[in-house]
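Asks: Please read through the structure below; I'll follow up with questions.
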Amino acid sequence: MKRVKVFRIGLLILLSLAGGSAASAQVPKDDSEMEFGPVVRAYLGYLRNEQEVVDDRASRHEINRSYYRRNSNRIRALRQMAIRIVEETGNDYLPELEAAAPDEFKNLFESPPKPGTFQPGDVLNNTFRFLGMVRAGEIFYLFARLDPYEQAELMQRQKDKGNDRAQSTGAEAAKTSTPPPAPANAVDTTRPRRVSVP
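In terms of the working numbering, the sequence shown opens at residue 1092 and continues consecutively.
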């Protein structure tokens, strides 16, 4: 009987310790992340996990030093941009972010644009919106991938602009190529319609 009581008390202590550690695992590790909503905290947690993977691969000598440095800097740049977006908008939403060094533009674009030729807010290839440049050890250009609805809306606007231009140039061409007025004594002549019998 005494053994059963000791066993139950020991089991109760063990379960309370396990429950406490499981509850503490649910809390974000960084107190500064508590100001963000669940979506942003999840993204920042994802970036933290990516850094752990890079650190682990480096510790096992699976990657070289320059690869480690570039990916760590990229993760830092993505984190900075994510926090900047949330602080500016106040929304618990992040677009799909891409960070690329200038020599990596060929991975994102068929014909890579020259760095510095675009401004924040510019849309490139109807696919990416340029968000800005972040210096995190090296320079990264950050882009938000447009969702399919934004892409469709952008293409429709471009199509409408093209139609408006075509109509305005067509109207101008019609104005410039109007035939000269007929003389006052001219008579309109029409040809009778041909009717065929089956």
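C-beta: ideal position from N, C-alpha, C; glycine also.
Keep in mind that this is a model prediction, so the values were computed, not measured.
Roughly how many angstroms lie between the CA atoms of N1182 and I1104, to the nearest whole one?
Replies: 42 Å
Asks: Counting beta carbon pairs with one atom in the segment 1167-1181 and one in the segment 1221-1230, are three or more of them shorter than 8 Å?
Replies: yes
Asks: Specify, as a first and last residue, the run of the beta strand (DSSP E) that G1223 falls within.
Replies: From DSSP, the beta strand (DSSP E) with G1223 extends over 1219-1226.
Asks: With a CB to CB cut of under 6 Å and the five nearest residues on each side skipped, what residues in its chain are close to D1213?
Replies: The answer, listed in chain order, is F1221.
Asks: Just how far apart, CA to CA, sit T1180 and R1156?
Replies: The C-alpha of R1156 is placed about 36 Å away from the C-alpha of T1180.
Asks: Which class does E1153 belong to by DSSP, given the choice of helix, strand or coil?
Replies: Here E1153 sits in coil by DSSP.
Asks: Can you grab the Cα-Cα spacing for the pair A1083 / K1252, in whole Å?
Replies: Beyond the ends of the chain as shown, which are 1092 and 1289, falls residue 1083; an answer cannot be given.
Asks: Taking the alpha carbon of Q1210 as the reference point, which residue from N1217, E1189, Y1232 has its own alpha carbon closest?
Replies: Y1232
Asks: Are the CB atoms of E1229 and N1162 within a distance shorter than 8 Å?
Replies: no
Asks: Roughly how many angstroms lie between the CA atoms of R1160 and N1140, to the nearest whole one?
Replies: 16 Å
Asks: State yes or no: is the C-beta of F1196 within less than 8 Å of the C-beta of P1203?
Replies: yes
Asks: Name the residue from G1207, L1135, R1170 whose alpha carbon lies nearest to the alpha carbon of A1227.
Replies: Per the Cα distances, R1170.
Asks: Can you tell me where the alpha helix (DSSP H) with F1196 in it begins and where it stops?
Replies: 1196-1199
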